[in-house]
Ligand SMILES: [Zn+2]
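Numbering (the numbering used here), first residue to last: 771 to 1082.
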């Protein structure tokens, strides 16, 4: 990382710029010290083009600083991880970022150090700072959407880990498998039966089709369950049982105070009562006081967490 350049007054953290670099859009915000959003914009993300991605990121930061008439710290949430060993991006589903020195390149172009975190860590940081997990010592943030990711935050600091994969539970196997769940569906990571293949939106949709129903989106399946459609109800019932087992295994390892759900499936209201009702038998404890809650900042948690990568 470069040192503080002319774009940033050393020691000044008056304005935090957060950027959420997604596969199809880039969102930028400027946030002041108490979390108030001063500026917000979404722009399309250049696809399959690393150089254009860099230019889009730099342009967004420059535009924010011009419009707000302040310089700021920059934190970026990415759908992947900067490898501690090599300094380049890995595990990104925006594959044109893989192997690129995004940290070094962006820091140099913006003439200041830039902090990065994966999108699940950003969700966890945002919610632990001033969201649904505010005040909690240990927060496990989960994204259940296109994929299934996770991030651990301890006292408002993300736990990164030696390999920068702490919290990445999505490619662990579904624990305590039942008949028909093993070896489980094939996963893009090369293994079978990963938690992601059951708990992601596409995983829920696959389970619904396999129960002799037509192909529907996860959102539509949830709506059908609300209307009492039996196959959708049974499908959500299986989903909740699987999520309960998968989260119980997390509780047994890090025992978080709060588990925050983000991503499209976090809008399914019944999860917050049904899952805690089911996880008890799998947690090695006489009682379970862990709270399961929905992300308070919704879709904005990723970009807010990126802004909070720079501390007070
Ligand atoms: Zn996998």
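Don't be surprised by glycine CBs; every beta carbon is placed ideally from N, CA and C.
At a threshold of 7 Å, residue 961 counts as near ligand 1, since its beta carbon sits closer than that to one of the ligand's heavy atoms. Taking the Cα positions, residue 916 is about 22 Å away from residue 902.
The beta carbon of residue 966 sits closer than 7 Å to at least one heavy atom of ligand 1.
Residue 796 and residue 827 have their C-alpha atoms some 8 Å from each other. Taking 7 Å as the cut-off, the C-beta of residue 957 counts as close to a heavy atom of ligand 1. Residue state for residue 1054 is assigned as coil, using DSSP reduced to three classes. If you draw a 10 Å sphere on the C-beta of residue 966, you find 16 or more other C-beta atoms in it, and that means buried. Sorting 911, 939, 942 and 941 by C-alpha distance to the C-alpha of residue 928 places 911 at the top. The C-beta distance from residue 888 to residue 919 rounds to 7 Å, short enough to meet the 8 Å contact threshold. Along the length of the region 930–1016, whole alpha helix (DSSP H) runs at least 4 residues long occupy 965–969, 971–980 and 988–996, reported in chain order. Boundaries of the beta strand (DSSP E) harbouring residue 797: 795–801, taken from the DSSP string.
Ranking 845, 956, 792 and 866 by CA distance to the CA of residue 896 puts 845 first. The C-beta distance from residue 908 to residue 789 rounds to 26 Å, too long to meet the 8 Å contact threshold. Around the beta carbon of residue 988, a 10 Å sphere encloses 16 or more other beta carbons of the protein chains shown; the residue is thus reported as buried. Looking at the DSSP output, residue 809 sits in a beta bridge with 800. Residue 814 carries a strand assignment under DSSP once its states are collapsed to helix, strand and coil. Measuring C-alpha to C-alpha distances from residue 1062 to each of 1031, 872 and 841 identifies 1031 as the nearest.
The beta carbon of residue 941 sits closer than 7 Å to at least one heavy atom of ligand 1. At least 8 Å separates the beta-carbon of residue 787 from that of residue 805.
Counting only the Cα atoms, residue 977 lies some 14 Å from residue 994. Residues of the same chain with a CB within less than 6 Å of the CB of residue 964, apart from the 5 flanking positions on each side, are 941 and 957 in chain order.
Straight-line spacing of the CA atoms in residue 996 and residue 1002 works out to 9 Å. Assignment of residue 1062 by DSSP, reduced to helix, strand and coil, places it in the strand class.
The alpha-carbon of residue 936 is positioned some 29 Å away from that of residue 831. Residue 885 is positioned such that its CB atom lies closer than 8 Å to that of residue 1080.
In the three-state scheme derived from DSSP, where H, G and I count as helix and E and B as strand, residue 858 is classed as coil. Judged by pairs of C-beta atoms under 8 Å, the region 818–827 touches the region 861–874, as three or more such pairs exist.
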